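Worksheet: the structure to be examined is printed underneath.
Numbering (the numbering used here), first residue to last: 5 to 110.
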């Protein structure tokens, strides 16, 4: 009888440990998810989109949509990011030329 009570007690302790570990894991997972910030690439693309608009690429215009399409490829948004210090006309011209090259390849 004493052994059965001791075994039941051990079983409950093991179950409690498993439940505690599970709860700790879920809490950790949820806090990590809630602490995640927005994707930095999205932030960068939004910043570049704003640059296009400030450079004169009106939302809805061809250059605006060409830029958005180009920015989906890392190589293009890397080049455009490198042009931050350039004049706005240089950036808009790059979009047009990059778009022409992109269309020739596809």
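Ideal placement from N, C-alpha and C gives every residue a C-beta, glycine not left out.
These numbers come from a predicted model, not from an experiment.
Closest by C-alpha distance to residue 51, out of 13, 105, 72, is 72. In the same chain as residue 103, and ignoring 5 residues on each side of it, the C-beta atoms closer than 6 Å to its own belong to 70, in chain order.
Comparing C-alpha distances from residue 75 to each of 32, 54, 30, 20 shows the shortest one belongs to 54. CA-to-CA, the gap between residue 68 and residue 92 works out to about 13 Å. A direct Cα-Cα distance of roughly 41 Å separates residue 86 from residue 30. CA-to-CA, the gap between residue 65 and residue 109 works out to about 22 Å. Excluding five sequence positions before and after residue 84, the CB atoms of its chain that fall closer than 6 Å to its own CB belong to 52, given in chain order. The three-state reading of DSSP puts residue 63 in coil, since its state is none of H, G, I, E or B.
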